[in-house]
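So the sequence shown is residues 1 to 253, counted in UniProt numbering. Reading through the structure tokens given below for one structure.
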Amino acid sequence: MRAEERQHRILVLARQEGRIDVALAATRFDVAPETIRRDLSELQRRGLVRRTHGGAYPVESAGFETGLAERVNLHVDNKRRIAAEAVKLLGDAETVFVDEGYTPQILAASLPTDRPLTMVTASLATAAAVADSANLTVLLLGGRVRARTLATVGSWACSMLGGFVIDLAFLGSNGISREHGLTTPDPVVADVKAKAIEVSRRRVFMGDHSKFGVSSFCRFAEIDQFEAIVTDTGLSVAEARRYSLLGPTVMRV
């Protein structure tokens, strides 16, 4: 098998399973682990995967995006810790925007129920999961529903957001880098996220370590627009420090 064909199959496998393991891939393709490592290095050079210890994760791009069904199985423990820490930043906020994605969905389920709170979201899954929570008023943005993420997008969603003044926005992204800020593959998703940032007084980014150093197609925010970044300890102390120099407090949990 030629290297180009093997690399293509490795990329397909990584996108199907959410990650690629060097040892398992070496067995599957009947090559040495060093060969797989070279393949992954080439795929990383082309911006298609992100290398990690013992493997790699696929980078989401204009041509590839992980669906909600896959996200609920990736880095679940990290996402639960991140959501639990991020919700502590709620303070006295009375209105919150909760982004689409699995980590924001976990956070929404952790919002306090002992006081009135209004949550705005574009995520059908998140809205349905917490709609019956005591003292929580859920406002679901209108618009076209994206099948992959079960989130609304388009001019209706942005127009509805434009009529609000939101105390705190909890946001995620497909990638975050010091060079390109926060990015996502789809322009219509970027529009909703950018509008949420525009109408919010405070902003918190939530994302596991695999998001860092990754750039996707559409930029919707700069790092200095956020008061805090909440991630896991997979992001090194040194790299966390570099992000904190751009403005936000970086929390590793």
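Virtual Cβ for every residue (Gly too), placed ideally from N, Cα, C.
Residues near residue i by beta carbon distance below 7 Å, same chain, minus five either side
i, result
"T118", "E94, T95, T137 and L139"
"R115", "N135"
"A157", "A122, L141, G142, G143 and V192"
Endpoints, the alpha helix (DSSP H) within which residue i is located
i, result
"F29", "V22 to F29"
"L124", "L124 to V130"
"T231", "Taken as a continuous stretch (DSSP letters only), T231 belongs to no alpha helix (DSSP H), being part of the beta strand (DSSP E) at A228 to T231."
"I176", "Element bounds for I176: not the alpha helix (DSSP H) but the beta strand (DSSP E), G175 to S177."
"L117", "Looking at the DSSP string, L117 is not in any alpha helix (DSSP H); the run it does join, the beta strand (DSSP E), is L117 to T121."
"R81", "V76 to A86"
Proximal residues to residue i (C-beta, below 6 Å), its chain only, five neighbours per side dropped
i, result
"S133", "T113"
"P58", "A14, R15 and V49"
"E100", "A122, S123, T149 and A151"
Span of the beta strand (DSSP E), counted from its first residue to its last, around residue i
i, result
"M160", "Run containing M160: none in the beta strand (DSSP E); it sits in the alpha helix (DSSP H), S155 to G162."
"S200", "S200 to M206"
"V59", "V59 -> no beta strand (DSSP E), and no H or E assigned at all."
"R2", "Counting along the chain, R2 falls outside any beta strand (DSSP E), and DSSP gives it neither H nor E."
"R252", "T249 to R252"
"R51", "V49 to T52"
Assigned secondary structure, residue i (DSSP; H/G/I helix, E/B strand, else coil)
i, result
"Y167", "The question names Tyr, yet the displayed sequence has Asp at residue 167. Of the three classes helix, strand and coil, the one that applies to D167 here is strand, per DSSP."
"S41", "helix"
"V214", "coil"
"V138", "strand"
"L111", "coil"
"T149", "coil"
"L182", "strand"
"residue 254", "Because residue 254 is not part of the residues shown, which for the chain are 1 to 253, the question remains open."
"A221", "strand"
"V237", "helix"
"R242", "helix"
"R46", "coil"
"R144", "strand"
Cβ-Cβ separation, residue j to residue i (assumed contact under 8 Å), whole Å
i, j, result
"V145", "L124", "7 Å"
"S107", "A129", "Note that residue 107 is Leu in the sequence shown here, rather than Ser. Not quite, the Cβ-Cβ distance comes to about 11 Å (not below 8 Å), so this is no contact."
"K211", "S173", "6 Å"
Residues near residue i in its chain [Cβ-Cβ closer than 8 Å; skip 5 each side]
i, result
"R201", "V165, I166, D167 and L168"
"S177", "T183, F212, G213, V214 and S215"
"E85", "V230, M251 and V253"
Any non-hydrogen atom of the ligand ATP within 7 Å of residue i CB
i, result
"V138", "This structure does not include the ligand ATP; it has no bound ligands of any sort."
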